[in-house]
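Chains as they are written, first to last, in our numbering: chain Z, 3 to 114; chain W, 1051 to 1164. Every residue gets a Cβ at the ideal spot worked out from N, C-alpha and C, and that includes glycine.
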């Protein structure tokens, strides 16, 4: 069974630029999560989707971050415009309904 | 609200020595508890989980953890460290509403010396 796929793996941008990350969850997984992991900290949930609906986006900085899940499968996370403090690893995870989460390898974003 | 505290950002052991990584949780409802491992430039891999069955939970790679409600703890142990165990370990908590949102601790980096 293929795991959670993410791209790109690494991205370097300048502040005020825009960036987008892509996630393809494990086939059949209803729930998809985006986490932000800042260096030296544990992952923090940004947004949770159940199929293509948002379950929890309480910690998503909505003035600059947006996310969507197309047809309840793939998802994109966008930052516009980026700030220095957005430098982090962005992890995508998926789970079957009421199941444990499986994580992708992450995208490491550096904002200069 | 839920939270996790991991004592020690770094733990150093010698190969063959006991590994003990500490995790204390706070939860207003009965929790599910998890330990994840993260190798450099990789995502998180589930080591083990407590979901209200046996309080002593065995996971992969020889790790185990014991849920102690009276101490609100879920410490991770391994009798004999191996060089390949060097990685970052995260404790996480969720409530029991069907594996809902995970709240992670800050992580403990395990260093293993020859």
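Using beta-carbon positions only, say whether residue i and residue j come within less than 8 Å of one another.
i, j, result
"residue 49 (chain Z)", "residue 69 (chain Z)", "yes"
"residue 1096 (chain W)", "residue 1115 (chain W)", "no"
"residue 1080 (chain W)", "residue 1102 (chain W)", "yes"
"residue 1165 (chain W)", "residue 1094 (chain W)", "Because chain W in this structure spans residues 1051 to 1164, residue 1165 (chain W) falls outside the shown range and cannot be described."
"residue 1063 (chain W)", "residue 1131 (chain W)", "yes"
"residue 53 (chain Z)", "residue 74 (chain Z)", "yes"
"residue 28 (chain Z)", "residue 55 (chain Z)", "no"
For a test of the three-state rule: what should DSSP assign to residue i, helix, strand or coil?
i, result
"residue 102 (chain Z)", "coil"
"residue 96 (chain Z)", "strand"
"residue 1120 (chain W)", "coil"
"residue 65 (chain Z)", "coil"
"residue 1145 (chain W)", "strand"
"residue 59 (chain Z)", "coil"
"residue 87 (chain Z)", "helix"
"residue 1099 (chain W)", "strand"
"residue 1111 (chain W)", "helix"
"residue 1059 (chain W)", "coil"
"residue 1070 (chain W)", "strand"
"residue 72 (chain Z)", "helix"
"residue 29 (chain Z)", "coil"
"residue 1163 (chain W)", "strand"
"residue 77 (chain Z)", "strand"
"residue 1077 (chain W)", "coil"
"residue 1134 (chain W)", "helix"
"residue 52 (chain Z)", "strand"
"residue 40 (chain Z)", "coil"
State the CB to CB distance for the pair residue i and residue j, rounded to an integer number of angstroms; the pair is presumed to be in contact (CB under 8 Å).
i, j, result
"residue 1075 (chain W)", "residue 1162 (chain W)", "No, residue 1075 (chain W) and residue 1162 (chain W) are not in contact; Cβ-Cβ is about 26 Å, not under 8 Å."
"residue 1 (chain Z)", "residue 1151 (chain W)", "Beyond the ends of chain Z as shown, which are 3 and 114, falls residue 1 (chain Z); an answer cannot be given."
"residue 1127 (chain W)", "residue 1070 (chain W)", "5 Å"
"residue 1060 (chain W)", "residue 1159 (chain W)", "5 Å"
"residue 1077 (chain W)", "residue 1135 (chain W)", "Incorrect: roughly 28 Å between the Cβ atoms, too far for contact."
"residue 1153 (chain W)", "residue 1088 (chain W)", "Not quite, the Cβ-Cβ distance comes to about 16 Å (not below 8 Å), so this is no contact."
Apart from the five residues just before and just after residue i, which ones in its own chain have a Cβ nearer than 6 Å to its Cβ?
i, result
"residue 105 (chain Z)", "93, 95"
"residue 22 (chain Z)", "78, 80"
"residue 1117 (chain W)", "1100, 1105, 1124"
"residue 112 (chain Z)", "14, 89"
"residue 76 (chain Z)", "26"
"residue 110 (chain Z)", "12, 91"
"residue 45 (chain Z)", "37, 39, 93"
"residue 51 (chain Z)", "34, 71"
"residue 62 (chain Z)", "48, 49"
"residue 24 (chain Z)", "9, 78"
"residue 99 (chain Z)", "32"
Residues of chain Z with a CB under 8 Å from the CB of residue i: which are they?
i, result
"residue 1140 (chain W)", "44, 45"
So which residues of chain Z does residue i contact, with C-beta pairs closer than 7 Å?
i, result
"residue 1154 (chain W)", "44, 45"
"residue 1099 (chain W)", "102"
"residue 1096 (chain W)", "102"
Under 8 Å between C-beta atoms, does residue i make it to chain B?
i, result
"residue 1151 (chain W)", "As a matter of chain content, chain B is missing from the structure shown, whose protein chains are Z and W."
Among residues of its own chain, excluding the 5 on either side of residue i, which ones have a beta-carbon nearer than 8 Å to its beta-carbon?
i, result
"residue 1155 (chain W)", "1054, 1055, 1056, 1073, 1140, 1141, 1142"
"residue 17 (chain Z)", "83, 84, 85, 86, 113, 114"
Run down chain W in chain order and give the residues with a C-beta less than 9 Å from the C-beta of residue i.
i, result
"residue 52 (chain Z)", "Residues of chain W passing the Cβ test: none, with the nearest at roughly 11 Å."
"residue 34 (chain Z)", "Per Cβ cutoff of 9 Å: no residues; residue 34 (chain Z) is ~13 Å from chain W at best."
List the residues of chain W that residue i touches, going by C-beta distances under 7 Å, in chain order.
i, result
"residue 108 (chain Z)", "1093"
"residue 67 (chain Z)", "In chain order: nothing, as chain W lies at least about 17 Å away."
Starting from the beta carbon of residue i, find every residue of chain W whose beta carbon is closer than 8 Å, and list them in chain order.
i, result
"residue 23 (chain Z)", "Neighbours of residue 23 (chain Z) on chain W: none; closest Cβ ~13 Å, over 8 Å."
"residue 93 (chain Z)", "1093, 1094"
Please work out which residues of its chain come closer than 7 Å, Cβ to Cβ, to residue i, disregarding the five sequence neighbours upstream and downstream, and give them in chain order.
i, result
"residue 19 (chain Z)", "83, 84"
Show which residues of chain Z have a CB atom less than 9 Å away from the CB atom of residue i.
i, result
"residue 1066 (chain W)", "Correct list: empty, because the minimum Cβ distance to chain Z is about 29 Å."
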